[in-house]
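Just remember that the working numbering sits 2 ahead of the position in the sequence shown, which is counted from 1.
One structure is given here, and the rest of the page talks about it.
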Amino acid sequence: MTTAKDIKIEQYKRQLIYYYNIMMAVILAVFALIFTFIIPDKMMAWYLYGGLFLLVYTYLIIRKSYSVNIMVHSYIIIATLYNFYIMLAFWNNSIASFVWLIPIPLAAYVFFQRKYVFMYSMFVLLNIIAGYLISRTFSFKFPIHRPEDVRITDTILMISNVAVISLLLYFKDKIKRVEIYHEIEEKNQNAIIQPAPMVEKTPFADELFEKIEQVMREKQLYKDVNFNISKLSTEIDINSSYISKSIRTKGYPNFNNYLNRHRIECVKRLLNENDLEKVTLMYIYTEAGFSNQSTFNRVFKQMESITPSEYISSLQLH
Numbered sequence: 003m004t005t006a007k008d009i010k011i012e013q014y015k016r017q018l019i020y021y022y023n024i025m026m027a028v029i030l031a032v033f034a035l036i037f038t039f040i041i042p043d044k045m046m047a048w049y050l051y052g053g054l055f056l057l058v059y060t061y062l063i064i065r066k067s068y069s070v071n072i073m074v075h076s077y078i079i080i081a082t083l084y085n086f087y088i089m090l091a092f093w094n095n096s097i098a099s100f101v102w103l104i105p106i107p108l109a110a111y112v113f114f115q116r117k118y119v120f121m122y123s124m125f126v127l128l129n130i131i132a133g134y135l136i137s138r139t140f141s142f143k144f145p146i147h148r149p150e151d152v153r154i155t156d157t158i159l160m161i162s163n164v165a166v167i168s169l170l171l172y173f174k175d176k177i178k179r180v181e182i183y184h185e186i187e188e189k190n191q192n193a194i195i196q197p198a199p200m201v202e203k204t205p206f207a208d209e210l211f212e213k214i215e216q217v218m219r220e221k222q223l224y225k226d227v228n229f230n231i232s233k234l235s236t237e238i239d240i241n242s243s244y245i246s247k248s249i250r251t252k253g254y255p256n257f258n259n260y261l262n263r264h265r266i267e268c269v270k271r272l273l274n275e276n277d278l279e280k281v282t283l284m285y286i287y288t289e290a291g292f293s294n295q296s297t298f299n300r301v302f303k304q305m306e307s308i309t310p311s312e313y314i315s316s317l318q319l320h
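In structure tokens:
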């Protein structure tokens, strides 16, 4: 079953692929132009133009019809093999050419499970070893570039790789945030769904709860953003442990859950009483005691099983 978390992560991964393709297209174009006009190397220039065409054309064809995993697996293998010729061509001039392979394990870390990070790290290492052995065993007549030309290409190469790594880390952070957020959501949801443990009922529990309800409704204490059980204890001059027990006997897992129930009821009441074209949603949830919208959205969804926007839409339909 596809969850909201999976959908969001899939969106981020496709965004990453999109921006990566744009970045790589620009980088390949820059290097192709350099080897066309600044450091004349006809073979390398055409090889880079071919790679640029293959990258852009293939992406435009498969971007909507193939899954993220298939695209990334295929790209990593093809790109590594494509880079093999470039690595050989520059082996005697600069070892920086295999720097292109460094982001590959990081890309595997962003898109796949940890076993693929190890597998692609070994794949990259084998490519570098193969490049070394082939360059030592066979003699190729690749152009020898001047040191100043190599410095130009190496500098651009390093900057390009920093940009690629930064892009990967940026989207990895966004994906991680989604995963953490949904883990917290699931824990909170489970806390609400789980029945409150049976609490031994004290003789005055019902009477105390009625007193709590009365003071909460009459003084609207829940509207205080910083309101907590200690403040309620001071307000009604009752020990907080008795308050907590009284609330749990009524089915609330804890005081915060009880407090948020009052706040959500207040929000629903304000939504029914006010015209949203004249007042903002921010005014309503802050008036009810919520400090920020993310907390409000989370609590509302947990308690009402729909989002605030869905609830507002249902009101407008009626």
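Even for Gly, the Cβ is constructed at its ideal location relative to N, Cα and C.
Q. Since V74 and F113 are thought to touch, with beta carbons under 8 Å apart, how far apart are those beta carbons, to the nearest angstrom?
A. Position 72 of the sequence shown, counted from the start, is the residue given in the question as residue 74. Position 111 of the sequence shown, counted from the start, is the residue given in the question as residue 113. Between F113 and V74 the Cβ distance is about 5 Å, and since that is below 8 Å, they are a contact.
Q) For the stretch 249 to 299, which segments carrying the alpha helix (DSSP H) assignment without a break, of at least 4 residues, lie completely within its bounds, in sequence order? A) For the stretch 249 to 299, the continuous alpha helix (DSSP H) assignments of 4+ residues that do not extend past its boundaries occur at 257 to 275 and 283 to 289, in sequence order.
Q. Are the beta-carbon atoms of I41 and H147 separated by less than 8 Å?
A. Within the sequence shown, numbered from 1, the residue matching residue 41 stands at position 39. Within the sequence shown, numbered from 1, the residue matching residue 147 stands at position 145. Remark: C-beta atoms of I41 and H147 approach each other more closely than 8 Å.
**Q.** Own chain partners of E237 with C-beta closer than 8 Å, once the 5 adjacent residues on each side are dropped
**A.** Along the sequence shown, read from residue 1 onward, the residue named residue 237 stands at position 235. Closer than 8 Å at the Cβ level, and outside the excluded window around E237, lie V217, K221 and L223.
(Q) Here's the rule: buried if 16 or more other CB atoms are within 10 angstroms of the residue's CB, otherwise exposed. What is I9? (A) By one-based count along the sequence shown, residue 9 stands at place 7. Exposure of I9 is indicated by the presence of fewer than 16 other C-beta atoms within 10 angstroms of its C-beta.
Q: Identify, in the order they occur along the chain, each residue of the same chain with its Cβ nearer than 7 Å to the Cβ of P145, setting aside the five sequence neighbours on each side.
A: Taking the sequence shown and counting its residues from 1, the one referred to as residue 145 is at position 143. Around P145: D43.
**Q.** Boundaries of the alpha helix (DSSP H) in which Y21 is found, first to last residue
**A.** Along the sequence shown, read from residue 1 onward, the residue named residue 21 stands at position 19. Here the alpha helix (DSSP H) through Y21 covers A6 to L35.
Q | Contact between the stretch 63 to 71 and the stretch 87 to 107 (3+ Cβ pairs under 8 Å) | A | These segments do not touch.
Q: In angstroms with no decimal places, state the Cα-to-Cα distance between S296 and S162.
A: Within the sequence shown, numbered from 1, the residue matching residue 296 stands at position 294. Within the sequence shown, numbered from 1, the residue matching residue 162 stands at position 160. Those two C-alpha atoms are separated by around 37 Å.
Q. Which residues in the same chain have their Cβ closer than 6 Å to the Cβ of V301, if we skip the five residues on either side of it in sequence?
A. Residue 301 sits at position 299 when you count from the first residue of the sequence shown. Correct list, in chain order: N262.
Q | Among L83, M45, K303 and I36, the one whose alpha carbon lies nearest that of E188 | A | On the sequence shown, position 186 is the one that residue 188 refers to. The residue with the shortest Cα to Cα distance from E188 is K303.
Q. With burial defined as no fewer than 16 other Cβ atoms inside 10 Å of the residue's Cβ, what is the status of N85: buried or exposed?
A. Within the sequence shown, numbered from 1, the residue matching residue 85 stands at position 83. The residue is buried, with at least 16 neighbouring Cβ atoms inside 10 Å.
Q) Where V101 and M160 are concerned, what is the direct C-alpha to C-alpha distance, given to the nearest angstrom? A) In the sequence shown, counting from the first residue as 1, residue 101 sits at position 99. In the sequence shown, counting from the first residue as 1, residue 160 sits at position 158. Computed Cα separation, rounded: 8 Å.
Q: Give the range of the alpha helix (DSSP H) segment to which S232 is assigned.
A: Start at 1 with the first residue of the sequence shown, and residue 232 comes out as number 230. I231 to I238 is the span of the alpha helix (DSSP H), which, as asked, contains S232.
Q) Any idea if T139 is buried or exposed, counting beta-carbon neighbours within 10 angstroms, 16 or more meaning buried? A) Here the question's residue 139 lines up with position 137 in the sequence shown. T139 should be labelled exposed.
Q) So, is I24 buried or exposed, given that buried needs 16 or more other C-beta atoms within 10 angstroms? A) Position 22 of the sequence shown holds residue 24. Under this definition I24 is an exposed residue.
Q.
Alpha carbons only, please: which of E289, S99 and F39 is nearest the one belonging to V227?
A. Within the sequence shown, numbered from 1, the residue matching residue 227 stands at position 225. The shortest C-alpha separation from V227 is found at E289.
Q. Alpha carbon to alpha carbon, how far is M3 from I11?
A. Here residue 3 refers to the residue found at position 1 when the sequence shown is read from its first residue. Here residue 11 refers to the residue found at position 9 when the sequence shown is read from its first residue. Residue confidence is low: M3 scores 47 on pLDDT, short of 50, so the model does not pin down where it sits. Its coordinate-derived value is still stated next. Cα atoms of M3 and I11: separation of roughly 14 Å, rounded to the nearest angstrom.
**Q.** Own chain partners of A91 with C-beta closer than 6 Å, once the 5 adjacent residues on each side are dropped
**A.** Taking the sequence shown and counting its residues from 1, one reaches residue 91 at position 89. Here the set comprises F144.
Q: Less than 8 Å between the CB atoms is what I'm expecting for L56 and F33, so what's the real figure, rounded?
A: Position 54 of the sequence shown, counted from the first residue, corresponds to residue 56. Position 31 of the sequence shown, counted from the first residue, corresponds to residue 33. Not a contact, Cβ separation roughly 15 Å.
Q.
Using only CA atoms, which one of E267, L83, A47 and A132 lies nearest to I29?
A. Here residue 29 refers to the residue found at position 27 when the sequence shown is read from its first residue. For the residues E267, L83, A47 and A132, the minimum Cα distance to I29 belongs to A47.
(Q) Quick check for students: name the residue ranges of the alpha helix (DSSP H) that lie wholly in the stretch 51 to 133, counting only runs of 4 or more. (A) Listed in chain order, the complete alpha helix (DSSP H) runs (minimum 4 residues) inside the stretch 51 to 133 are 70 to 91 and 105 to 113.
Q) Does the beta-carbon of K15 have 16 or more other beta-carbons within 10 angstroms, so that it is buried, or is it exposed? A) On the sequence shown, position 13 is the one that residue 15 refers to. With 16 or more other Cβ atoms inside 10 Å of its own Cβ, K15 counts as buried.
Q | Three-state secondary structure assigned by DSSP to K174 | A | In the sequence shown, counting from the first residue as 1, residue 174 sits at position 172. K174 falls in the helix class under three-state DSSP.
Q.
Cutting at 8 Å between CB atoms, please list the residues of its own chain near A198, excluding the five before and the five after it.
A. As a working note, residue 198 is residue 196 in the sequence shown. The predicted position of A198 is uncertain, since its pLDDT is 48 and thus under 50; a value taken from the coordinates is nonetheless stated next. Within the same chain, A198 has close Cβ partners R250, G253, Y254 and P255.
Q: With a threshold of 16 other CB atoms inside 10 Å of the CB of R265, please say whether the residue is buried or exposed.
A: Counted from its first residue, the sequence shown places residue 265 at position 263. R265 counts as buried, since no fewer than 16 other beta carbons sit within 10 angstroms of its beta carbon.
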